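Below is one structure, written out as structure tokens; the observations come after it.
Below is the structure:
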């Protein structure tokens, strides 16, 4: 068996994904064969592996950091929110049904522990090290009994845990201490220490606090990573964009030609794979913004309607906001619009949906001669083709089946005037095609914009991943990190009271104020091994129970996204 590490976080979006990627890149550069792993991921940003499995986009990025091919083993459970109460469950890369929070945490999640530990063991038998990423916070005491992604997987694998805290948010010392103190004795024994993320300023001013934290917890801090602008790395759960702001702090380079090109992305509800526009933002002179008002489309040279987990809901949102009328006017004026996946479906004539929204037949915006019917089977593919005289690669993740009834062929969709539509995600990462497409946009928009001839999105991505590796190598105690990965958590780590409440505490008002009881039992006695996907699918199929709370540690964050 190989060594390993679980990267947990004090909160969602503390930096777990990028730290995991950075550790993977640091390890592979020193000759270690390493793989990423996340047992359960909640994300609307997903990716299709070469074997046709859907996994979290962040795990695909981490696999690239590790210089290995992503597989379903690296993210066996993916939850794709359809609302703040239910998610589609994707098991071993295939959708197996919709489930509410109550149904999932009522026993189904715990039943998957054998599946995820089986996947982890298969990776450990192949790689020198496996770097696991947790979800949300490991101190979600209401969810600990069924946890399979934080301390549950750490206990099953006996992996040491490194807790990441975002100091830019404030309260990082309280977060580190509180996270540790809310864990059981057995769980605390695996919490090896902490990593501070996004620090600004003089580290020497932070050191007295780190010393006090060590005195309080008996656990060291393994590094302080500085705040770094413009990483532009694929997000997993956090939509780190600001409406009317740039894409995830990306820095716009000067244009290669005389003009800049302005791109407005409609921030539709349940937006998925917003990473599609990263390749546009990487082009010198291209400014990308996320917008939610029709007046913000006025100066845009290109409007992108991105993918969404709720096509009919996004269509209603566009109409409520006045964006639908603005898009129809743009199409009539032959001003550029690009629809991707759900955005492509929105631009069509008609949507027949008895699967996702169950709304039946709904009129689309009617700017493309396309009719869409939602199929229960999900299309998961890695198509290769050509457009605008250039080779293109992409990936498809959709239930909608498009019946294209006219226009010029464009990938799997069509083009009418200056409106393009396709189901292909990731097509803009093909450099030659992206340049030709931007030339077409500039011509239609009347801009003297010229794409830079040497921009390589793949090279830029590699540079970004190397920057993550540099952050770890230069600002973390890598010798100590390697000892953790190779040898596990240091023995004799002290218990930080009060510890976790007993499992089931909080069911009554009396128990809420009670002293902690015995620590929860270890999940190690649960049956392991990878159940067959069809068996698991039978357990999940058709479960659509109405829940009363968001699903998973990070549901509240996704509910906030929906409010955009």
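Numbering (the working numbering), first residue to last: 91 to 654. All C-beta atoms in this analysis are idealised placements derived from N, C-alpha and C, irrespective of residue type, glycine included. All values reported here derive from a predicted model rather than from experimental measurement.
Determine the extent of the beta strand (DSSP E) in which residue 164 is found, giving its start and end residues.
Run containing residue 164: none; DSSP gives neither H nor E here.
Start-to-end residues for the alpha helix (DSSP H) that takes in residue 256
Where residue 256 is concerned, there is no enclosing alpha helix (DSSP H), although the beta strand (DSSP E) it sits in stretches over 251-256.
Would you say residue 413 and residue 427 are within 8 Å of each other, going by their C-beta atoms?
no
Of the residues 462, 589, 202, 468, which one's Cα is nearest the Cα of residue 142?
468
Residue 251: which of 463, 436, 563, 98 sits nearest, CA to CA?
98
Below 8 Å, how does it come out for the region 239-249 and the region 213-228: are there three or more Cβ pairs, yes or no?
yes
Measure the Cβ-Cβ separation of residue 375 and residue 343 and say whether it is below 8 Å.
Inclusion of residue 375 and residue 343 in the CB contact set at 8 Å is warranted, their separation being smaller than that value.
May I ask you to verify whether the region 542-552 touches the region 290-307, counting CB pairs closer than 8 Å and requiring at least 3?
no
Candidates 369, 379, 150, 399: which alpha carbon is nearest residue 489's?
399
Which word fits residue 188, buried or exposed, when buried means at least 16 other C-beta atoms lie within 10 angstroms of its C-beta?
Buried: at least 16 other Cβ atoms inside 10 Å.
Contact belief for residue 541 with residue 529 at Cβ below 8 Å, rounded distance in angstroms:
6 Å
Closest residue to residue 511 among 351, 431, 583, 561 (Cα-Cα distance)
That would be 431, whose Cα lies nearest to the Cα of residue 511.
Residue 96: buried (16+ other C-beta within 10 angstroms of its C-beta) or exposed?
buried
Quick one: what does DSSP say residue 289 is sitting in, helix, strand or coil?
Reduced to three states, the DSSP call for residue 289 is strand.
Leaving aside the five residues before and after residue 519 along the sequence, list all residues of the same chain whose C-beta is less than 7 Å from its C-beta, in chain order.
369, 547
Hey, which unbroken runs of the beta strand (DSSP E) at 3 residues or more fall wholly within the region 336-388?
When DSSP assignments are scanned along the region 336-388, the uninterrupted stretches of beta strand (DSSP E) that are 3 or more residues long and fall wholly within it turn out to be 351-356, 376-381.
Simplified DSSP state of residue 558, which is helix, strand or coil
helix
What are the residues that DSSP puts in a beta bridge with residue 510?
As a beta-bridge residue in DSSP terms, residue 510 pairs with 428, 505.
Going straight from the alpha carbon of residue 645 to that of residue 514, what length do you get?
Summary for residue 645: the model assigns pLDDT 37, below 50, so the residue's position carries little reliability; its value from the coordinates is reported in the next sentence. If you take the alpha carbons of residue 645 and residue 514, they lie about 27 Å apart.
Let me know the secondary structure DSSP gives residue 202 once reduced to three states.
coil
Let me make sure I understand the geometry here. Which of 109, 442, 155, 150 has the alpha-carbon closest to that of residue 555?
155
Is the region 118-138 touching the region 283-291, taking contact as three or more C-beta pairs under 8 Å?
Taking a cut-off of 8 Å for Cβ pairs, the region 118-138 and the region 283-291 do not touch, as fewer than three such pairs fall below it.
Helix or strand or just coil, what does DSSP make of residue 40?
Here the chain comprises residues numbered 91 to 654, so residue 40 is not present and cannot be evaluated.
Can we say the region 108-117 touches the region 229-236, given the rule of at least three CB pairs closer than 8 Å?
Not touching, per the Cβ criterion.
Determine the DSSP secondary structure at residue 469, reduced to helix, strand or coil.
strand
Quick one: using the 10 Å Cβ neighbour count with 16 as the cut-off for buried, is residue 317 buried or exposed?
exposed
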